[in-house]
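One structure below.
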């Protein structure tokens, strides 16, 4: 059974005027089928050339502010501006205003913010609404204007209206170091739990804030292994105190008998200054060959090759690694395979991955067929 093709597609030549005429016919066909508001919004967001026409049609249907908010994302800046003005004139909720601050043009964003301030004098704007502005990293799609100014203003307002710990962490995560410092002072005054302080380390990238959180955690009497590992592995720009907090956390961790799985995570992310101590601690647990292979790093490879009778699987895995710095270990793994009766697959791996032993591997391989030779020439780039 053949599918019937649209005669318009068949008969119209593939030229720009023809495509425009085709699009116009499809648009009229769409209007004749009484499309829903969501259909017009889809056109507004995905078809710049029809965005204005679709927006005009949408307005005829008295769209809600929620629907108009989606139009703020239109790539046609004029439509985005019109939608913002319409929302402002349509009794916007605080959440509507927050979205206008985030996504509106400069003028609309300023008006929305001023309206939020006016309402805040009568009844405090909800912390969640302010956090909506603070957490926004968006830019206006049409004009690409940064909204950092409003994030800072929202944070200042949030700081003076009884913020909770989650509100303060939000400020520390998204705002300037100065505001983050003010938030941290308020946060410390609320007697944060270990879990709260760990959340700061996970989310905040300001070095001074991270050090404060580290210090309070290290001096906690009972601290979980996971929290200690977080202190040791936190990767932010830190000052001189960071080394001491990490060192103390590592000492505590050793005394608390971490599990092998916890040590694997620590080995993967440990800072260089503690790499040797952590590795020795990990080896003390006698990790399996499989666990060492999962680490994919030089210390693990060296440990595998140091052990008597490493498995063929481990040796082949070492040969397959392409990272720099493994050449010495790859050669050692290849020699072990050759000394223990390398099979055809082993020899192919050695030939392709260890240049110093490639000739030896070729001697042991059976002669290649013509087809294999041609394929190898293609692989080389002949």
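In the working numbering, the protein residues as written are 42 to 423.
Quick reminder that beta carbons are idealized off the backbone N, C-alpha and C, glycines included.
The structure displayed is predicted, hence computed values, not measured ones.
Counting along the chain, residue 211 sits inside the alpha helix (DSSP H) bounded by residues 206 to 215.
Under the Cβ criterion (8 Å, minimum of three pairs), the segment 78 to 88 counts as touching the segment 102 to 118. Closest in C-alpha terms to residue 95, from the list 89, 81, 108, comes 81. Residue environment for residue 110: buried (at least 16 other C-beta atoms within 10 angstroms of its C-beta). The closest CA to that of residue 256, considering only 242, 246, 76, 204, is found on 242. Here residue 230 carries a coil assignment [DSSP, helix/strand/coil]. Rounded to whole angstroms, the separation of the alpha carbons of residue 155 and residue 105 is 22 Å.
A Cβ-Cβ separation of about 12 Å leaves residue 208 out of contact with residue 220 under the 8 Å criterion.
Distance from the CA of residue 301 to the CA of residue 323, rounded to the nearest whole angstrom, comes to 7 Å. Counting only residues of its own chain and dropping the five nearest sequence neighbours on each side, residue 173 has a CB closer than 8 Å to the CB of 136, 139, 140, 143.
If you draw a straight line from the Cα of residue 358 to the Cα of residue 274, it is about 28 Å long.
Residue 348 sits in coil when the DSSP states are folded into three classes, being neither helix nor strand.
The beta-carbon distance between residue 392 and residue 402, rounded to whole angstroms, is 4 Å. This is short enough to meet the 8 Å contact definition. Its Cα nearest to that of residue 346, the residue 369 stands out among 326, 369, 306. Between the beta-carbon of residue 215 and that of residue 176 there is about 6 Å, and that keeps the pair under the 8 Å contact cut.
In this structure, DSSP gives residue 388 a helical state, which the three-state scheme calls helix.
Contact annotation, residue 377 with residue 356: C-beta distance approximately 6 Å; criterion of less than 8 Å satisfied. Three or more beta-carbon pairs drawn from the segment 257 to 273 and the segment 294 to 311 are found closer than 8 Å, and the two stretches are therefore classed as touching. Excluding sequence positions up to five before and after residue 259, its CB lies within less than 7 Å of the CB of 272, 286, 289, 290, all in the same chain and listed in chain order.
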